[in-house]
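Participant: Numbering (my numbering), first residue to last: 856 to 1110. C-beta atoms are modelled at their ideal positions from N, C-alpha and C, and glycine is treated no differently. Keep in mind the model is a prediction, meaning the values are calculated, not measured.
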């Protein structure tokens, strides 16, 4: 998508920042104040977290056991329409949008979060940064046969090959491929495409095609490089999306 279309089929847009330096549990006040204007609804959750550890006391026969419960504090902030939210954990920040319009609109929010993490909490680096587009392309149909007809909309190279399984018996078809998104910046991508079925194991009844593009870093990111890396992942994800679609879909999104 080298240009911005008039409409899109993005059902979920997500950005995740994994922090190298953990915040003190529940001490997120400066982030909360920063985000209150755009995200006035605040829900706080206390989560009991337990991990599986190896009991080293039994030297001859070490066994897995549950660790002592650890209290995790999470704040989930929503905008007034509840179409956007920011989830704050001690080790990560997650931004999600259910009504995505433009990366340009979201960037200032991310810039303020990253700047606050640096100045107020001393977070200098990120273990991982990820940006994900989940596209659910839904088209009307008159009969079930049209569920599998995506010619002109989706690149035929990623379409289902019914020579292996008869599409009359197909309940769902999702392919996943992992690849290097950008070797220079050590960026990776997980691409999932195909025909989902939210009513499994019932028969397919809707014409929906999934294009789920999850780009992320594979190495430490310094704070001053975070926004440029996010922008790079965004641009690369868009290039992947353009390779997945065909001209009929481009025309549909420009109507």
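Helix, strand or coil for residue 864, going by three-state DSSP, please let me know.
Facilitator: Taking the first residue of the chain shown as position 1, residue 864 is located at position 9. Three-state DSSP puts residue 864 in coil, outside helix and strand.
Participant: How would you write the range of the beta strand (DSSP E) that residue 976 sits in, first residue to last?
Facilitator: Numbered from its first residue, the chain shown carries residue 976 at position 121. Segment 958 to 976 is the alpha helix (DSSP H) holding residue 976; no beta strand (DSSP E) there.
Participant: Work out the CA separation of residue 1108 and residue 897 for me, nearest whole Å.
Facilitator: By 1-based counting over the chain shown, the position of residue 897 is 42. By 1-based counting over the chain shown, the position of residue 1108 is 253. Taking the straight line from one Cα to the other gives about 35 Å.
Participant: Note down the Cα distance separating residue 879 from residue 945, rounded to an integer number of angstroms.
Facilitator: Sequence index remark: in the chain shown, residue 879 carries index 24 (1-based). Sequence index remark: in the chain shown, residue 945 carries index 90 (1-based). Between residue 879 and residue 945, the C-alpha separation is close to 6 Å.
Participant: Closest by CA to residue 928, which one among 901, 1005, 890 and 1000?
Facilitator: Taking the first residue of the chain shown as 1, we reach residue 928 at position 73. When only C-alpha atoms are compared, the closest one is 901.
Participant: Exposed or buried, which one is residue 1021 when buried takes at least 16 other CB atoms within 10 Å?
Facilitator: Walking along the chain shown from the start, residue 1021 turns up at place 166. Residue 1021 is exposed by the Cβ-count criterion.
Participant: In its own chain, which residues sit with a C-beta less than 7 Å from the C-beta of residue 873, not counting the 5 before and 5 after it?
Facilitator: By 1-based counting over the chain shown, the position of residue 873 is 18. Sequence-distant Cβ neighbours of residue 873 in its own chain, meaning closer than 7 Å and more than five residues away, are 946, 947, 981, 982 and 983.
Participant: Going straight from the alpha carbon of residue 989 to that of residue 917, what length do you get?
Facilitator: Against the chain shown, residue 989 aligns to sequence position 134. Against the chain shown, residue 917 aligns to sequence position 62. Each residue's alpha carbon lies about 43 Å from the other.
Participant: Need the endpoints of the alpha helix (DSSP H) that residue 1084 sits in, please.
Facilitator: Taking the first residue of the chain shown as 1, we reach residue 1084 at position 229. Residues 1081 to 1099.
Participant: Looking at residue 1056 and residue 1065, is the spacing between their C-beta atoms short of 8 Å?
Facilitator: Here residue 1065 corresponds to residue number 210 of the chain shown, with the count starting at 1. Here residue 1056 corresponds to residue number 201 of the chain shown, with the count starting at 1. It is not a contact, given that the beta carbons lie outside the stated cut-off.
Participant: Count the other CB atoms, across all protein chains shown, that sit within 10 Å of the CB of residue 868; report buried if there are 16 or more and exposed otherwise.
Facilitator: Along the chain shown, one-based indexing puts residue 868 at 13. By the 10 Å Cβ count, residue 868 comes out buried.
Participant: Between the stretch 993 to 1012 and the stretch 1096 to 1104, do three or more beta carbon pairs fall short of 8 Å?
Facilitator: yes
Participant: Mapping DSSP to helix, strand and coil, what is residue 1066?
Facilitator: Walking along the chain shown from the start, residue 1066 turns up at place 211. Reduced to three states, the DSSP call for residue 1066 is strand.
Participant: Could you check how far apart the C-beta atoms of residue 907 and residue 919 are, in whole angstroms? I think they sit under 8 Å.
Facilitator: Residue 907 sits at position 52 when you count from the first residue of the chain shown. Residue 919 sits at position 64 when you count from the first residue of the chain shown. Between the beta-carbon of residue 907 and that of residue 919 there is about 5 Å, and that keeps the pair under the 8 Å contact cut.
Participant: Would you call residue 937 buried or exposed, if buried means 16 or more other Cβ atoms sit within 10 Å of its Cβ?
Facilitator: On the chain shown, position 82 is the one that residue 937 refers to. Looking at its Cβ environment, which holds fewer than 16 other Cβ atoms inside 10 Å, residue 937 is exposed.
Participant: State yes or no: is the C-beta of residue 1070 within less than 8 Å of the C-beta of residue 1040?
Facilitator: Locating residue 1070 in the chain shown gives position 215, where the first residue counts as 1. Locating residue 1040 in the chain shown gives position 185, where the first residue counts as 1. Cβ distance not < 8 Å, so residue 1070 and residue 1040 don't count as in contact.
Participant: Apart from the five residues just before and just after residue 1060, which ones in its own chain have a Cβ nearer than 7 Å to its Cβ?
Facilitator: Position 205 of the chain shown, counted from the first residue, corresponds to residue 1060. Setting aside the 5 residues that flank it on each side, residue 1060 is surrounded in the same chain by 1054, each with a C-beta closer than 7 Å to its C-beta; the list follows chain order.
Participant: Going by beta carbon distance, what residues of the same chain come within less than 7 Å of residue 1126, once the five residues before and after it are set aside?
Facilitator: Residue coverage of the chain in this structure runs from 856 to 1110, which leaves residue 1126 outside it and unanswerable.
Participant: Hey, out of 986, 995, 1015 and 1029, whose CA is closest to residue 1073's CA?
Facilitator: Start at 1 with the first residue of the chain shown, and residue 1073 comes out as number 218. Selection 986, 995, 1015 and 1029 evaluated against residue 1073 yields 986 as nearest (Cα-Cα).
Participant: Would the stretch 1083 to 1092 count as touching the stretch 990 to 997 if we require 3 or more Cβ pairs under 8 Å?
Facilitator: Flag = no, the stretch 1083 to 1092 and the stretch 990 to 997 do not touch.
Participant: Where does residue 958 land, buried or exposed, given buried means 16+ other C-beta within 10 angstroms?
Facilitator: Reading the chain shown from its first residue, position 103 is the one you call residue 958. For residue 958, the number of other beta carbons within 10 angstroms of its own is at least 16, and it is reported as buried.
Participant: DSSP three-state call for residue 1033: helix, strand or coil?
Facilitator: On the chain shown, position 178 is the one that residue 1033 refers to. Reduced to three states, the DSSP call for residue 1033 is strand.
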